[in-house]
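Residue numbers (the working numbering), protein chains in the order written: chain W, 1142 to 1355; chain Y, 2 to 252. The beta carbon of each residue, even a glycine, is placed where N, CA and C say it ideally should be. In what follows, a single structure is set out as C-alpha cells and then discussed.
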Amino acid sequence: MTARTERGGWAALARRRLAGFVVATVAVGLAGGGPARAEPSAPAARFVDGLGQKVLAVLRDGRLDRAARLERLARLIDEATDLALVARLVLGRYWREASEAQRRDFVALFRALILKTMAERLDEYGGETYEIVGVQPVDERDSIVSTRILRQGGTPIAVDWRVRAEGGRLLLIDIVAEGVSLVVTQRSEVAEIAGRSGIDGVLAEMRRRLDRPA
Amino acid sequence: METEETGFAVAPRAIALGLLVAGLAAVPTARALEPFDPLEPVNRVVFGLNELVDVMLLGPVAEAYGELPSPVRTGVRNVLDNLSAPVTFVNDLLQGETDRAGTTFARFFINSTLGLFGLFDLAGELGHPAHKEDFGQTLAVWGVGEGPFLMLPLLGPSTLRDTAGLSVDQLLIDPWTAVAGDELRAARAGSEAVDTRHRLDPVIRDVRRNSLDPYATVRSAYVQRRAAEIRNRRPATGDPRYESIFREEEE
Chain W
1142 MTARTERGGW AALARRRLAG FVVATVAVGL AGGGPARAEP SAPAARFVDG
1192 LGQKVLAVLR DGRLDRAARL ERLARLIDEA TDLALVARLV LGRYWREASE
1242 AQRRDFVALF RALILKTMAE RLDEYGGETY EIVGVQPVDE RDSIVSTRIL
1292 RQGGTPIAVD WRVRAEGGRL LLIDIVAEGV SLVVTQRSEV AEIAGRSGID
1342 GVLAEMRRRL DRPA
Chain Y
2 METEETGFAV APRAIALGLL VAGLAAVPTA RALEPFDPLE PVNRVVFGLN
52 ELVDVMLLGP VAEAYGELPS PVRTGVRNVL DNLSAPVTFV NDLLQGETDR
102 AGTTFARFFI NSTLGLFGLF DLAGELGHPA HKEDFGQTLA VWGVGEGPFL
152 MLPLLGPSTL RDTAGLSVDQ LLIDPWTAVA GDELRAARAG SEAVDTRHRL
202 DPVIRDVRRN SLDPYATVRS AYVQRRAAEI RNRRPATGDP RYESIFREEE
252 E
C-alpha cells in the first residue's frame, strides 16, 4: 500500500486512522473528554454519548489493570453492539449459504478478532476527546450519530455511528470513520476470500489471524 | 523549456484525456459498494510490487522522517497543502462550489504571504480549515462513474476516473507544472510520498496486521473514502448502495 503521491484517499486517511476494525475506536477513539455538544433530545445521540462516557470511565480508571480494563471494554461492546447482526451483514450473501455451525463459528471468530484488535489498540489511547455534531434518522429503525474525534495537534476525525432500535433498545450496528464503513470494508474482505475458497476458507483465515501474536 | 513542454506538447495529451473522460461516462459503476475490479489479477501483482517498494524503501524513509521534530513535519505538510491550493481552487469552481473556492483562495493568499510561503497554516488558525478537491472529484460531481478500480505502480489505489482526473490536474490545472523545473517537481512528489506514508503509518500497520485480505481492504477503503470526499464528508445516509446492506436481512 504505497502512498499516493498526490492528494487523495490515502492522504486523507492518514490523519484519521481508518480503522480496518473500527470497533476498537469504541475503546480508543471515543474515549475522550466531555460530551461537548450532545443533542439531548435524540435518543440515539444520548446512546452514543452514554457509551462514550462509559468507555472513557474504563480507560481513565487508574485502579484497573490491563486485563480488567479489557474485560470491561469487552462487556461494553457486547452490551452496546448487535455483534450477531454485524457479523451477519459482514458475511453478506454467504450468510444464506452458511450452515448453522459455520454461522456460529463465524460470529464467534468475528467477536474474538474485534476483541483482539481492541487489545492491540489499548495502548494507543492518547487523550482524545470527542463531540457529538449531529444525529440523522435513516428510517424507522436506524439513525446515524455523527461525532468528531478531537486530537491534540491533529485534524479531527469524523466518525459516524449507525444505531438501530431493536426490541425497545438501541444497538450499534456500524461505525464509519471518515466515510469508511466497518461493515462495508470487512464485507469486501470476506467476499474476496469466500469467492476464492468458500466460507471454510474465511473461517480458516480468521483463525490464522487470531492465532498470530500481536 | 518547461513552459514549452506544458504549453504545446500537452495539447495532444489533453485531447486524448478529453476522449478518455468522455469514454468514462459510459463506464459502469460499482453495485452495492462492491468495487468493480475487472483487472484484479494485474492489480494484485502491482499491489505486491508496491508493498515491496514500501517495505524496502518508502516505509524506512518515512520512519526516519517521523524522527524529525513535529513542527518541522507540520511545516512540510503545510507547504505541500498550500502548493495544492490552486488545483483545489480550480476544482471548487468547476464543481460550482463558489464559497469553498473563496475559502481556498483566501487560505492560499494568507498562507503564502503572512504564513511564509505556506510554512504556517495561519488561515487554519483563523478559522478557515483546509479542504481538497481534485479533478477526479469534479468528474464525479459531473456524473462520471468511477470505472474500474486500478492499482497504480507507486501511486497506489485509484480508479480509471481518478487516474484521468490526476492527469488533468497535473498536466492542465496545476500551475506549478508549468513553473517548476524537474528537480522541484520531483522534490515535491517525493516529500508528498514520504509525508503521506508517514501519516498513514498507523493505518498501514493496522491493515497489515488485522485485515483478512489487505488488497481487498485497501480497495474497499479507497472507493468508500473517495465517495465520502465527493459528498464533501456528509454521511452516507441516503446512498442506496450503503443502505441496501442494512435492509438485506429482511429479504
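Would you identify the three-state DSSP class for Y/Gly97, choosing helix, strand or coil? coil
Exposure of W/Met1259, with buried meaning 16 or more beta-carbon neighbours within 10 Å: buried
Can you tell me the Cα-Cα spacing of W/Thr1270 and W/Thr1296, whole angstroms? 12 angstroms
Please classify Y/Asp214: does DSSP put it in a helix, a strand, or coil? coil
Chain-ordered neighbours of W/Val1325 on chain Y, where CB pairs are closer than 8 angstroms: Leu34, Ser221, Gln225, Tyr243, Ile246
Taking a Cβ distance cut-off of 9 angstroms, strictly less, list which residues of the segment 142–169 of chain Y are near chain W, in chain order. Leu153, Pro154, Leu155, Leu156, Gly157, Pro158, Ser159, Asp163, Leu167
Cβ of W/Val1331 within 8 angstroms of any chain Y Cβ: yes
Quick check: is the beta carbon of W/Ile1334 nearer than 8 angstroms to any beta carbon in chain Y? yes
Should Y/Phe150 be labelled buried (16 or more other beta-carbon atoms within 10 Å of its own) or exposed? buried
Sequence-distant residues of its chain with Cβ nearer than 7 angstroms to Y/Gly157 (five each side left out): Asn51
Neighbourhood of Y/Val47 by C-beta, 8 angstroms cutoff - its chain only, sequence neighbours within 5 removed: Met152, Leu153, Pro154
Cβ-based neighbour list, W/Val1304, same chain, cut-off 8 angstroms, excluding 5 preceding and 5 following: Ala1185, Phe1188, Val1189, Asp1283, Ser1284, Ile1285, Val1286, Leu1311, Leu1312, Leu1313, Ile1314
Who are the near neighbours of W/Ala1253 in its chain, counting only those whose CB is closer than 6 angstroms to its CB and skipping five residues on each side? Leu1351
Can you name, in chain order, every residue of its own chain whose Cβ lies under 6 angstroms from the Cβ of W/Asp1246, other than the five neighbours on each side? Leu1344
Find the residues of chain W that neighbour Y/Asn79, judging by a C-beta separation of less than 9 angstroms, and give them in chain order. Chain W residues near Y/Asn79: none, gap ~12 angstroms exceeds 9 angstroms.
For Y/Leu172, go through chain W and note every residue whose CB falls closer than 8 angstroms to its CB, in chain order. Those within 8 angstroms of Y/Leu172 in chain W number zero; the least Cβ separation is about 12 angstroms.
Do we get a CB-CB distance below 8 angstroms when we pair W/Asp1283 with the residues of chain Y? yes
Residues near Y/Leu120 by beta carbon distance below 7 angstroms, same chain, minus five either side: Gly76, Asn79, Val80
Span separating the alpha-carbon of W/Ala1168 from that of W/Met1347: Residue placement at W/Ala1168 is flagged as unreliable, the pLDDT there being 44, under the threshold of 50; the coordinate-derived value follows with that caveat. Computed Cα separation, rounded: 22 angstroms.
Please look up how many angstroms separate the CB atoms of W/Glu1307 and W/Asp1202, rounded, as I've assumed it's under 8 angstroms. The Cβ separation is near 30 angstroms, so there is no contact.
Please report the Cβ distance between W/Arg1289 and W/Glu1272, rounded to the nearest whole angstrom; I am assuming they are in contact, meaning their Cβ atoms lie under 8 angstroms. 5 angstroms
Exposed or buried, Y/Gly191, counting other C-beta atoms within 10 Å across all chains shown (16 or more means buried)? exposed
How big is the Cα-Cα spacing for Y/Asp240 and W/Glu1281? 17 angstroms
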